[in-house]
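K.L.:
A single structure is presented below for examination.
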Amino acid sequence: MSRFKLTRFTSWLRPLLKPFLVCFLALVLVFSQADSALAARAGGRIGGGSFRARPSSGRTYSSPRSYQGPSRGYYPGGGFGFGFPLVMPLFGFGGGGLFSLLIFFAISSFLVRSFRSTGFGEGETYTPNPTVSVARLQVGLLAKARHLQDDLNRLATSSDTSSSAGLSKVLQESTLSLLRHPEYWAYADTENVQTKLTSAEVEFNRLALMERSKFSHEAVSNVNNQISGGNSATLPDADGNLQSGEYIIATMIVAAQGKLTLPNVNSEQDLHKALNQVGAIPSDELVAVEVMWTPQASGETLTNDEVIAQYPNLKLV
């Protein structure tokens, strides 16, 4: 009896086994393709800088000069030396009179203002922990903007990233490459942080590491003139056209002395303004720069699903 039941169950199960296996294999295939589609792509990176304290605006600051009076015997009754003779009493009123004291303080005030106006007080405005702005500007471009990959790959292998002037050039060339082709702009986003120099490096590294972690690896890198990779691959395009539904992501992270506030990007005009602000930062105000892009290889692109999964912060422009 039990053998009969087993045979009956097997005959009932056999027709269902084949459809079940087909569905199982189909699910495995779908999920394996999804995993490969959402896999991280290689990226490129250019940057450098230093968070050591330095004077802003290219000036050399010094501590305030200390003006000491001559020996005590030079001015009997006077305790305020200025390094030049101040004759007291004045106008015959005697050294201890109220009028003489008023005259003395008026002259002192005038001299202090004169010293400040001629630059003797510049050292008083220097602070070893100035305000530093850390900003991130991220742009998603249509896949036809493959010129950007070519431009950034070229910059990565030829730029001097060990000096402020070299980093300024990298920033200007990167923003120019984006500004010249607004027809390829699709998405964008900005982030601003204002802090002190002692905390700016933490914020800068946080933003940079967050973006770098989205790459499978850095195929080309030039940071503080340490170049690695350098073989900028180019993928062939079989039919001569790239689908406009695929994307390239470019990210610029800057730290600059002073206040830099990028606008919230909701339109092409906002993005144009933000790019101009980043590209116009003077070299003597730059503290550090990171320019990153993915995919690194010219002709390779991100799918729409990859952009949604890895860059949910981007907004349509």
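Quick note on UniProt numbering: the sequence shown kicks off at 1 and runs consecutively.
Don't be surprised by glycine CBs; every beta carbon is placed ideally from N, CA and C.
Keep in mind the model is a prediction, meaning the values are calculated, not measured.
#1: Could you check the C-alpha separation between residue 313 and residue 278 for me, to the nearest Å?
#2: Out of 275, 248, 270, 286, state which residue places its alpha-carbon closest to the alpha-carbon of residue 257.
#3: Decide if residue 208 is buried, meaning its Cβ has at least 16 other Cβ atoms within 10 Å, or exposed.
#4: Just verifying my parser: in three-state terms, what is the DSSP assignment at residue 305?
#5: In terms of DSSP beta bridges, what is residue 397 paired with?
#6: Please look up how many angstroms separate the CB atoms of residue 248 and residue 293, rounded, as I've assumed it's under 8 Å.
#7: Within 7 Å (strictly less), CB to CB, does residue 277 reach chain B?
#8: If you draw a straight line from the alpha carbon of residue 260 to that of residue 222, how long is it in whole angstroms?
#9: Would you identify the three-state DSSP class for residue 290, choosing helix, strand or coil?
#10: Starting from residue 199, trace the alpha helix (DSSP H) in both directions and tell me its first and last residue.
#11: Note down, in chain order, each residue of its chain lying with its Cβ closer than 8 Å to the Cβ of residue 165, except the 5 sequence neighbours on either side.
#12: In whole angstroms, what separates the C-alpha of residue 130 from that of residue 197?
#13: For the region 261-277 against the region 290-306, do three or more pairs of beta-carbon atoms, one drawn from each stretch, fall closer than 8 Å, so that the two count as touching?
#14: Please list, in chain order, all residues of the same chain as residue 218 whose beta carbon is under 8 Å from its beta carbon, the five residues on each side excluded.
#15: Give the DSSP bridge partners of residue 131, in chain order.
#16: Please report the straight-line C-alpha distance between residue 145 and residue 153, rounded to a whole angstrom.
#17: Specify, as a first and last residue, the run of the beta strand (DSSP E) that residue 250 falls within.
#18: Looking at the unbroken alpha helix (DSSP H) that takes in residue 149, where does it start and where does it end?
#19: Below 8 Å on the Cβ atoms is my guess for residue 254 versus residue 135; work out the distance and round it to an integer in Å.
#20: Within its chain, find whatever has a CB closer than 8 Å to the CB of residue 147; leave out the 5 residues flanking it on each side and keep chain order.
#21: To which residues of the same chain is residue 175 closer than 6 Å at the C-beta, ignoring the five residues directly before and after it?
#22: For residue 190, count neighbouring Cβ atoms within 10 angstroms of its own Cβ and tell me buried if that reaches 16, exposed if not.
#23: Determine the closest residue to residue 210 out of 195, 173, 172, 251, with distance taken between C-alpha atoms.
#24: Would you tell me roughly how many angstroms separate the C-alpha atoms of residue 315 and residue 309, rounded to the nearest one?
#25: For residue 193 and residue 133, I'd like the C-alpha separation in whole angstroms.
#26: From what residue to what residue does the beta strand (DSSP E) around residue 226 run?
#27: Rounded to whole angstroms, how far is the Cβ of residue 288 from the Cβ of residue 204, which I believe are closer than 8 Å?
#28: Applying the criterion that 16 or more other CB atoms from any shown protein chain within 10 Å of the CB defines a buried residue, is residue 92 buried or exposed?
P.N.:
Looking at the coordinates:
#1: As a position in the sequence shown, residue 313 is number 313, starting the count at 1. As a position in the sequence shown, residue 278 is number 278, starting the count at 1. Near 20 Å, if we compare the C-alpha coordinates of residue 278 and residue 313.
#2: As a first step, residue 257 must be located in the sequence shown, where it is residue number 257. When only C-alpha atoms are compared, the closest one is 286.
#3: Taking the first residue of the sequence shown as position 1, residue 208 is located at position 208. The residue is buried, with at least 16 neighbouring Cβ atoms inside 10 Å.
#4: Within the sequence shown, the letter at position 305 stands for residue 305. DSSP places residue 305 in helix when its eight states are reduced to three.
#5: It is not possible to answer for residue 397, since the shown part of the chain is limited to 1 through 317.
#6: Within the sequence shown, numbered from 1, the residue matching residue 248 stands at position 248. Within the sequence shown, numbered from 1, the residue matching residue 293 stands at position 293. Their Cβ separation, rounded to whole angstroms, is 7 Å, which keeps residue 248 and residue 293 in contact under 8 Å.
#7: Absence of chain B from the displayed structure is noted, only one protein chain being present.
#8: As a first step, residue 260 is located in the sequence shown; it is residue number 260 there, counting from the start. As a first step, residue 222 is located in the sequence shown; it is residue number 222 there, counting from the start. About 25 Å.
#9: Within the sequence shown, residue 290 is the residue found at index 290, counting from 1. If DSSP states are grouped into helix, strand and coil, residue 290 belongs with the strands.
#10: Within the sequence shown, numbered from 1, the residue matching residue 199 stands at position 199. From DSSP, the alpha helix (DSSP H) with residue 199 extends over 197-212.
#11: Here the question's residue 165 lines up with position 165 in the sequence shown. So the list reads 283, once near-sequence residues are dropped.
#12: Position 130 of the sequence shown, counting from 1, holds the residue named residue 130. Position 197 of the sequence shown, counting from 1, holds the residue named residue 197. If I take the Cα positions, the gap works out to 6 Å.
#13: Output reads no: the region 290-306 does not touch the region 261-277.
#14: Stepping through the sequence shown from its first residue, residue 218 is reached at position 218. 42, 43, 44, 45, 212, 228, 229, 296, listed in sequence order.
#15: As a position in the sequence shown, residue 131 is number 131, starting the count at 1. DSSP output for residue 131 lists 196 as bridge partner(s).
#16: Against the sequence shown, residue 145 aligns to sequence position 145. Against the sequence shown, residue 153 aligns to sequence position 153. Rounded to the nearest angstrom, the two C-alpha atoms are 14 Å apart.
#17: The sequence position of residue 250 within the sequence shown is 250, counting from 1. That run of the beta strand (DSSP E) goes 247-257.
#18: Stepping through the sequence shown from its first residue, residue 149 is reached at position 149. 146-158 is the span of the alpha helix (DSSP H), which, as asked, contains residue 149.
#19: As a first step, residue 254 is located in the sequence shown; it is residue number 254 there, counting from the start. As a first step, residue 135 is located in the sequence shown; it is residue number 135 there, counting from the start. Residue 254 to residue 135, Cβ: 6 Å. Contact.
#20: Reading the sequence shown from its first residue, position 147 is the one you call residue 147. Within the same chain, Cβ atoms closer than 8 Å to the Cβ of residue 147 are found at 177, 181, the five residues on either side in sequence being excluded.
#21: In the sequence shown, counting from the first residue as 1, residue 175 sits at position 175. Cβ neighbours of residue 175 beyond the five flanking positions: 275, 278, 279.
#22: Within the sequence shown, numbered from 1, the residue matching residue 190 stands at position 190. Taking a 10 Å sphere around the C-beta of residue 190, we find 16 or more other C-beta atoms and assign the residue as buried.
#23: Against the sequence shown, residue 210 aligns to sequence position 210. Measuring from the Cα of residue 210, the nearest candidate turns out to be 251.
#24: For the purposes of this step, residue 315 is taken as the residue at position 315 of the sequence shown. For the purposes of this step, residue 309 is taken as the residue at position 309 of the sequence shown. Taking the straight line from one Cα to the other gives about 13 Å.
#25: Looking up residue 193 in the sequence shown gives position 193. Looking up residue 133 in the sequence shown gives position 133. Cα atoms of residue 193 and residue 133: separation of roughly 6 Å, rounded to the nearest angstrom.
#26: Start at 1 with the first residue of the sequence shown, and residue 226 comes out as number 226. 226-228 is the span of the beta strand (DSSP E), which, as asked, contains residue 226.
#27: As a position in the sequence shown, residue 288 is number 288, starting the count at 1. As a position in the sequence shown, residue 204 is number 204, starting the count at 1. Contact between residue 288 and residue 204 holds, since their C-beta atoms are separated by about 6 Å, short of 8 Å.
#28: Numbered from its first residue, the sequence shown carries residue 92 at position 92. Its pLDDT being 48, under 50, residue 92 is placed unreliably in this model, and the coordinates cannot settle the point.
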